[in-house]
Structure formats: structure tokens, C-alpha cells
Amino acid sequence: MKDSRLTTIFVIVMFTAVFMLSGFNQPAAEYFPAPLVEPLLAFYSNFTASGLYDGGEASLNAGQEIVSQIESLCIARGADKTMGNHIRNIAENLLNDRILSGHIKPYELYVYFSSRQNFAVILRGEFDRQKLAASIGNEKAVVGDNVVIARLRFPLHEEQQLYLQVSSDEMLVCPDDISGNVLAQLESRRNLLGKEFDAFAKMVRVRPAMAVEVNVAAIRNDFAEEFPGWLEPLRYARLIISSRLTKLQLFVPDADAREQMLRQVEAMVGGLREFAGNLVDFAATPSGNSIFIEAPAGEELERLFGCRAMSFFAHFFVRAQKDQIVVSAKESDVVTE
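In the working numbering, the protein residues as written are 8 to 344.
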């Protein structure tokens with residue numbers, strides 16, 4: 008079966024879709040990593056918005072939400088529903104033994120994508136390089152004074168290798184072919200995003216729970232089979248979810264197609280409320296060449312999406328298959344029949 012994990016990530020990003028920055032003040036310029044020129048997708052997730060690292064009741068509530076969502080994601084990917092309690096136990100161990108312990112403690116995730124051969128995933132946080140090297144395997148990991156480096160098989164392109172580099176506060180994954188250039192940009196702290204990504208930069212600099220900018224028309228060339236037909240007229244999308252602003256935008260220049268898509272989106276608004284834990288009501292309205300989906304901003308919604316993002320990241324360490332659960336929460340994979 009075709010491994011579609013990366014395509015799944017981008018499709019979920021698309022279905023989460025987008026925003027408008029009217030009235031959103033630009034903060035002082037601050038560096039954030041952006042090592043690709045003119046990406047088709049720029050994605051940011053702030054895991055700290057979940058409250059998992061806040062301590063006390065906030066941390067406990069976030070942990071419970073994340074574990075519950077990991078269970079749901081694993082079952083959606085093929086795990087037997089009767090394994091739910093087992094998955095939850097594994098997820099709890101993952102949070103305690105690997106994430107909260109500082110083995111791999113992610114704070115922020117950046118994803119930049121231009122093509123299947125040109126992308127970068129950057130994770131900022133706290134990382135125990137020695138433990139990660141042991142998890143990767145001594146035969147694959149090269150342990151230096153400040154970083155651990157490994158070259159891994161890329162599941163979507165067996166002839167292509169992935170480059171992995173881990174320092175105490177940053178993890179990079181990108182195709183091996185472009186790793187030299189990506190590392191040079193990161194080491195020089197050069198942000199390569201142009202003016203067309205000014206909106207994304209404004210969003211990221213206030214550290215929202217999530218921010219996305221996607222050139223849908225261009226990215227569709229790589230993922231044509233993954234897009235439902237009713238999204239065909241969509242050309243561009245933006246998203247921000249924060250305590251100050253939660254707004255989504257779908258740019259559809261064709262008037263007839265925009266009207267038809269508006270009806271589709273309006274039919275989905277109830278599902279969005281359910282997805283957001285029934286915390287808020289969503290409203291879809293047309294304006295100019297776009298459709299906007301908006302919800303009242305607030306800390307609870309920001310916290311929820313922080314938890315959802317952390318759950319999605321963590322569930323890859325609790326990989327579900329139809330008849331077994333493969334766990335990557337320890338030094339080596341454990342298979343439970």
C-alpha cells in the first residue's frame with residue numbers, strides 16, 4: 008500500500024484552511040527559520056499553546072486531551088477499536104517517558120514545502136542527542152560534539168535519502184540533496200521568505216497555535232489525486248488560530264465556483280464546531296474573491312488546536328497498523344500483537 012503520511016499532512020493542512028490579517032498589527036521583526044525560497048506551503052505550529060508544559064492542572068488537562076486524540080488518530084489509521092486502552096497507555100508513556108522527560112520535547116514546528124524533492128521540517132525544543140542517537144541506531148547515527156546526524160530512507164521515494172540533524176534545541180529533516188544549502192541558511196540565520204509571505208511572517212511572530220499559507224493551485228500539481236473535486240477552483244489559502252484572531256480564507260477568483268464552494272463550506276460549518284470541541288460557532292461569509300470562515304478568538308480555542316497539533320505530531324510515534332501497534336516510545340520499536 009502506498010505510504011501517504013506526508014500527503015496526509017498536507018491534505019489535513021488544506022482542510023484546516025485559512026485567514027485574513029485585517030486589523031492585525033505587525034510586531035517587531037524577529038528571526039524565525041525559513042530556509043527555502045518561494046515555498047508553496049508554509050506551516051507553523053506552536054505546541055506550547057496546548058498548555059502541556061505549563062504545569063499543574065493545565066498540563067494535566069492538556070495531557071488527557073492529547074492522549075485521547077492520539078487514540079482517535081491511531082484507530083482512524085487502522086488500529087482495532089478494542090485496542091483503545093492499550094493505545095492510551097502507550098500514549099501516556101510516550102508523553103511521560105519521551106516528551107515531558109526532555110528526550111524529545113517539541114515547542115515549535117515549521118514546515119516548508121516546494122516539491123517532494125524540496126522541503127524542510129524544522130522542530131525547535133529540547134532534545135537529548137544521546138538518547139535520540141540510540142533510538143536511531145549506532146550504525147546510522149553520527150554523533151558529533153554538538154549535533155547528531157543521520158541519513159534515513161525516504162518512504163515516499165526509496166531512491167532518495169532524508170537528512171536528519173539534531174542539536175540540543177533544534178531538529179532538521181530535509182532531502183539529503185538540499186541539506187547543505189538548508190544548513191547554510193539556518194546557520195547564518197537567514198530567513199528567505201519574500202514579500203509574498205509577509206502575512207505568514209506577521210502570524211508567526213505572535214506565536215499563534217497555528218499558521219498556514221498555501222499556494223493551492225501550484226501544490227495541486229504534486230498532490231492531484233489527494234484533492235477532492237469540489238476544491239478544484241481553490242487557488243490560495245491562509246490560516247491563523249490564536250487567542251487574538253481565528254480566521255480562515257479561501258481564495259476562489261471564479262464567481263460561479265465561489266458561490267458553489269460557499270454552499271459546500273456552509274454545509275461543513277457544523278462539523279467544524281464539533282471538531283473544535285463545540286467551544287465556538289463558525290461562520291462562513293463571502294467577501295471579494297474569497298470565502299472567509301471565522302470563529303470568536305479565545306484562549307480555549309488556541310489551547311485546543313495546540314493539543315490537536317501535538318497529538319498529530321505524537322501519534323507518529325505510536326504508529327498504528329491493522330493487527331498490531333508499533334510503538335516508538337522507547338529506545339527501540341516494540342511490537343505488540
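Cβ coordinates follow ideal geometry from the N, Cα and C atoms, glycine included.
- Across the structure, PHE120 and ASP229 are spaced so that their CA atoms are roughly 11 Å apart.
- Residue pairing of GLN168 in beta bridges, as defined by DSSP: ARG160.
- Judged by DSSP in its simplified three-state form, PHE134 adopts strand.
- Beyond the five residues adjoining it in sequence on each side, GLY70 comes within less than 7 Å, by CB distance, of LEU59, LEU102 in the same chain, given in chain order.
- Taking C-alpha positions only, PRO240 is separated from LEU199 by approximately 29 Å.
- The alpha carbon of ALA141 has as its nearest neighbour, out of ARG84, GLU203, ALA157, ARG280, the alpha carbon of ALA157.
- Residue state for GLU239 is assigned as coil, using DSSP reduced to three classes.
- Going by DSSP, PHE299 is part of the beta strand (DSSP E) stretching over 297–302.
- In the same chain as PRO113, and ignoring 5 residues on each side of it, the C-beta atoms closer than 7 Å to its own belong to PHE54, LEU130, GLY132, PHE320, in chain order.
- Within the region 168–204, the runs of alpha helix (DSSP H) at least 4 residues long that lie entirely inside it are, in chain order, 186–194.
- A distance below 6 Å between beta-carbons, with the five flanking residues on each side excluded, links VAL118 to the following residues of its chain, in chain order: PHE50, VAL128.
- With distances taken between CA atoms, LEU279 lies nearest to LEU308 out of ASP135, GLY62, LEU308, LYS209.
- Taking every protein chain shown into account, the CB of GLU166 has fewer than 16 other CB atoms within 10 angstroms, so this residue is exposed.
- In the three-state reduction of the DSSP assignment, ASN285 falls in the coil class, being assigned neither a helical nor a strand state.
- In the DSSP assignment, GLN256 falls within the unbroken beta strand (DSSP E) covering 253–258.
- PHE126 has PHE120 as its beta-bridge partners, per DSSP.
- Burial check for THR292: the Cβ neighbour count within 10 Å stays below 16, so the residue is exposed.
- Counting C-beta atoms within 10 angstroms of its own C-beta, THR253 has 16 or more neighbours from the protein chains shown and is therefore classed as buried.
- Taking C-beta atoms as the reference points, LEU238 and MET268 count as a pair closer than 9 Å.
- For a cut-off of 8 Å, the C-beta gap from VAL180 to LEU171 is around 5 Å, short enough to register as a contact.
- Taken through DSSP and simplified to helix, strand or coil, ARG227 comes out as coil.
- Taking 8 Å as the upper bound for CB-CB distance, GLN124 and ASP184 are in contact here, some 7 Å apart.
- DSSP places PHE324 outside any beta strand (DSSP E), giving it a letter other than H or E.
- Under the 10 Å beta carbon count, PHE323 is surrounded by fewer than 16 other beta carbons and is classified as exposed.
- With a 10 Å radius around the Cβ and a threshold of 16 neighbouring Cβ atoms, ASN222 comes out buried.
- Contact annotation, VAL149 with LEU139: C-beta distance approximately 12 Å; criterion of less than 8 Å not satisfied.
- Beta-carbon to beta-carbon, ALA98 and GLU78 are separated by about 7 Å, close enough to satisfy the 8 Å threshold.
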